[in-house]
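The opening position of the sequence shown corresponds to residue 2 in this note's numbering, with each subsequent residue numbered one higher.
All residues carry an ideal CB built from backbone N, CA and C; glycine is no exception.
Report on the following structure.
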Amino acid sequence: MNGTFTSPNYPDTYASNLHCTYHFTGRGKERIQILFTDFDLYLHNEFGPIRDCEGVDAVMVFITINGHKERIDNFCGHKLPSQLMSNGPSMSVEFRTTQTSRTGKGFRAIYRFINNFGISGGTQDDRETVCGFIFNSTIHPNGSFTSPNYPGLYPRDTECHYHFYGQLNQRVHITFAYFDVEGVPPCDSNTASDFVEFSNYRTVDRKMSRNCGVKAPKNVISDNDFFRIAFKTNDKFDGTGFEAFYQFRAHDG
2 MNGTFTSPNY PDTYASNLHC TYHFTGRGKE RIQILFTDFD LYLHNEFGPI RDCEGVDAVM
62 VFITINGHKE RIDNFCGHKL PSQLMSNGPS MSVEFRTTQT SRTGKGFRAI YRFINNFGIS
122 GGTQDDRETV CGFIFNSTIH PNGSFTSPNY PGLYPRDTEC HYHFYGQLNQ RVHITFAYFD
182 VEGVPPCDSN TASDFVEFSN YRTVDRKMSR NCGVKAPKNV ISDNDFFRIA FKTNDKFDGT
242 GFEAFYQFRA HDG
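If you want it as structure tokens, here you go:
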């Protein structure tokens with residue numbers, strides 16, 4: 002299911018002193034994805050810094066984490082916000098304008114209720130309690146995979162598993178083309194980092210370190226015919242995630 006929503010009176014100018022709230026509620030494992038296609042809010046200080054869009058016309062986006070309302074970000078001015086995704090089946094957007102007599106055209110956005118986390122490629126694993134995708138060499142011998150909602154901001158408080166299954170004589174080769182995962186090495190809980198983790202097993206592989214930051218991991222080759230990648234985000238920061246390519250190849254030896 003999808004549709005559009007706009008600021009009041011769009012595409013004509015909106016009124017001053019507004020406070021509008023748009024509530025989105027999905028079902029079950031549905032996530033809400035929002036893409037702004039037009040964004041024009043009056044900014045009285047075009048050349049000076051506006052901290053967190055305070056004191057100006059702004060759009061604010063909220064999600065719920067552990068029962069608490071958390072703000073993803075504030076957006077103001079004329080720059081299109083990145084594509085956004087909720088961490089669960091609910092999301093809200095607030096639009097507030099100041100008392101100034103000058104206003105802008107406002108905004109237009111597309112909303113979607115989705116079950117696939119905005120991930121294309123592979124086969125979604127409905128048995129997973131978290132976001133899970135399977136890449137089987139007999140069905141998908143090569144291709145690409147991404148973080149949820151790529152190239153938009155990945156959702157907070159989310160975990161995705163990517164399972165690669167080859168034939169007995171195959172190994173999977175993985176190359177990252179883009180990488181932006183909020184965090185600092187060693188990407189553990191002490192650093193409050195989001196991370197990407199590799200494993201030759203269905204559980205943690207202690208010999209393989211976690212990956213975060215903006216430096217893409219080196220090319221990866223599995224030790225055997227199975228490989229798992231886990232992507233886990235916390236409730237603090239956002240990045241644009243990753244895009245990677247995979248290929249199953251026959252193993253000599």
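Proximity below 8 Å, CB of residue i to CB of residue j
{"i": "Ser-8", "j": "Phe-108", "result": "yes"}
{"i": "Met-209", "j": "Ser-223", "result": "no"}
{"i": "Val-131", "j": "Glu-160", "result": "yes"}
{"i": "Ile-115", "j": "Arg-32", "result": "yes"}
{"i": "Tyr-43", "j": "Arg-103", "result": "yes"}
{"i": "Ser-148", "j": "Tyr-166", "result": "no"}
{"i": "Gln-171", "j": "Phe-249", "result": "yes"}
{"i": "Val-62", "j": "Val-94", "result": "yes"}
Own chain, CB closer than 6 Å to residue i, minus 5 neighbours either side, in chain order
{"i": "Ile-140", "result": "none"}
{"i": "His-20", "result": "Arg-97"}
{"i": "Val-60", "result": "Phe-76, Phe-96"}
{"i": "Asp-206", "result": "Ser-200"}
{"i": "Phe-180", "result": "Ala-217, Phe-243"}
{"i": "Glu-198", "result": "Arg-211, Ala-231"}
{"i": "Thr-26", "result": "Ser-91"}
Per DSSP, cross-strand counterpart(s) of residue i
{"i": "His-174", "result": "Ile-222, Gln-248"}
{"i": "Ala-110", "result": "Phe-6, Phe-37"}
{"i": "Gly-242", "result": "Asp-181"}
{"i": "Met-92", "result": "Phe-25"}
{"i": "Tyr-163", "result": "Phe-134, Ile-230"}
{"i": "Phe-118", "result": "Paired residues: none, contrary to the question."}
{"i": "Asp-1", "result": "Residue coverage of the chain in this structure runs from 2 to 254, which leaves residue 1 outside it and unanswerable."}
Cβ neighbour criterion (16 or more within 10 Å) applied to residue i
{"i": "Glu-55", "result": "exposed"}
{"i": "Ala-251", "result": "exposed"}
{"i": "Lys-219", "result": "exposed"}
{"i": "Ala-245", "result": "buried"}
{"i": "Lys-106", "result": "buried"}
{"i": "Ala-16", "result": "exposed"}
{"i": "Gln-34", "result": "buried"}
{"i": "Tyr-247", "result": "buried"}
{"i": "Ser-190", "result": "exposed"}
{"i": "Leu-169", "result": "exposed"}
{"i": "Asp-13", "result": "exposed"}
{"i": "Ser-194", "result": "buried"}
{"i": "Thr-241", "result": "buried"}
{"i": "Arg-28", "result": "exposed"}
{"i": "Lys-133", "result": "Position check: residue 133 holds Gly in this sequence, whereas Lys was assumed. With 16 or more Cβ atoms within 10 Å of its Cβ, Gly-133 is classed as buried."}
8 Å CB neighbourhood of residue i in its chain, flanking five on each side removed
{"i": "Asp-53", "result": "Asn-75"}
{"i": "Asn-10", "result": "Ala-16, Gly-107"}
{"i": "Tyr-202", "result": "Phe-227, Arg-229"}
{"i": "Asn-235", "result": "Arg-157, Asp-158, Ala-193, Ser-194, Asp-195"}
Nearest-angstrom beta carbon gap, residue j and residue i [assumed within contact, 8 Å]
{"i": "Asp-150", "j": "Gly-119", "result": "Checking the displayed sequence, the identity of residue 150 turns out to be Asn instead of Asp. Correct: roughly 4 Å between the Cβ atoms."}
{"i": "Ile-73", "j": "Leu-85", "result": "6 Å"}
{"i": "Arg-157", "j": "Asp-239", "result": "7 Å"}
{"i": "Thr-38", "j": "Ile-111", "result": "6 Å"}
{"i": "Ile-175", "j": "Val-221", "result": "4 Å"}
Cutoff 7 Å; reference residue i; Cβ partners in own chain excluding five residues on either side
{"i": "Phe-177", "result": "Ala-217, Pro-218, Phe-243, Ala-245"}
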